[in-house]
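Take 859 as the starting number for the sequence shown in our numbering and just add one per residue.
Shown next, in structure tokens, is the structure this report addresses.
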Amino acid sequence: MPLAEIRQLAEAAPGFVVVDEAYVEFGEEESARALIGEHPGVILLRTFSKAYGLAGLRVGFLAMRPALGRELMKARLPFMTSRLSEEIALAILDHPGLMDERIEQLRRSTAQLRAGLEATDGVEVVPSQSNFMLFKPPVRDAPALLDHLAREEDVLVRDMSGYPSLEGYLRVCAGTPQENKAFLTALERALS
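Shown next, in the form of structure tokens:
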């Protein structure tokens, strides 16, 4: 969502405006961080799971005005994460250059995956501002394709048919350039 629209929501909302920025590093829109100073009810949600690639840590953070943060701390659960996870997250924040490099690699990898899917005959690719691609293969039975990819090609993709309006769609996460190439090759074989 464009920052201008989030700003309008924050100006109109009588309460809190919570902005999920889990994928902000992949998108073209800027962070809503500046709105914290402009509007007392803006809360940003961030995670180390996506761009940082640390889903196993189960660590994220909130950004908000200090007074609001103090109030939220009164209601938090004790021991929400392990000390080791906290230390790793803090160490990562101390080395932003490493993460900038990783994020740039993920952006390139995602662009490679998108280009490969778009070049595959009959595949419909949904625009994305994340590190995964939602696509519809040119087959009537997407679950059968999914099964073939898993059993014959050792490739895992997610069936999105259980979600409204996504019947026949699959989701794949960007990997390394080699993993992307292997997936695209397997998809081509499965579709031929």
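Idealized CB from N, CA, C, for every residue including glycine.
Treat the numbers as computed from the prediction; the structure is a model and nothing was measured.
Measure the alpha-carbon distance for residue i versus residue j and round it to whole angstroms.
i: Leu1002; j: Glu944; result: Note that residue 1002 is Ala in the sequence shown here, rather than Leu. Rounded to whole angstroms, Ala1002 to Glu944 spans 42 Å at the Cα level.
i: Pro860; j: Pro985; result: 16 Å
i: Ala862; j: Ala870; result: 12 Å
i: Ser1019; j: Thr1034; result: 26 Å
i: Ala947; j: Ser1050; result: 45 Å
i: Gln970; j: Phe1041; result: 12 Å
i: Arg1016; j: Ala1000; result: 10 Å
i: Arg965; j: Val882; result: 12 Å
i: Glu896; j: Arg928; result: 18 Å
Quick one: residues in its chain with C-beta nearer than 7 Å to the C-beta of residue i, no 5 flanking neighbours on either side, listed in chain order?
i: Ala1048; result: Leu1003, His1006, Leu1007, Glu1011
i: Leu893; result: Ile864, Arg865, Ala868, Val900
i: Thr968; result: Phe884, Asn989, Ala1032
i: Leu992; result: Val984, Ser986, Met1018, Tyr1027, Arg1029
i: Gly974; result: Asn1038, Leu1042
i: Glu886; result: Gln987
Could you check if residue i is buried or exposed, using at least 16 other CB atoms within 10 Å of its CB as the buried criterion?
i: Ile988; result: Rather than Ile, the amino acid found at residue 988 in this sequence is Ser. It counts as buried.
i: Glu959; result: exposed
i: Ser1023; result: exposed
i: Ala809; result: Past the edges of the chain, shown from 859 to 1050, lies residue 809, and the structure says nothing about it.
i: Phe906; result: buried
i: Tyr910; result: buried
i: Leu1045; result: buried
So, at 8 Å on beta carbons, what are the nonlocal neighbours of residue i in its own chain, with the 5 sequence-adjacent residues on each side left out?
i: Thr939; result: Leu915, Arg916, Val917
i: Glu879; result: Ser889, Ala890, Leu902, Leu903, Arg904
i: Ala921; result: Arg891, Ile894, Ile901, Leu902, Arg904
i: Ile950; result: Phe906, Tyr910, Leu912, Leu956, Met957
i: Lys908; result: Ala880, Tyr881, Glu883, Phe884, Ser988, Asn989
Excluding the five sequence neighbours on either side, which residues of its own chain have a C-beta within less than 6 Å of the C-beta of residue i, listed in chain order?
i: Lys994; result: Glu982, Gly1026, Tyr1027
i: Pro898; result: Arg923
Report yes or no: do three or more beta-carbon pairs, one from the region 972-979 and one from the region 873-888, lie closer than 8 Å?
No: the two stretches stay apart, fewer than three of their Cβ pairs being nearer than 8 Å.
My parser needs the beta strand (DSSP E) runs of 3 or more residues fully inside the region 899-943; what are they?
The qualifying runs are 900-905, 918-921.
Threshold first: 3 residues or longer. Then list the beta strand (DSSP E) segments lying entirely within the region 986-1045, N to C.
Runs found: 990-994, 1028-1031.
Cβ contact (3+ pairs, closer than 8 Å) linking the region 950-964 and the region 924-933
They do not touch, by the three-pair rule.
Report the residue ranges of all alpha helix (DSSP H) runs contained in full by the region 953-984; include only those spanning at least 4 residues, in chain order.
Here the runs fully enclosed are 954-976.
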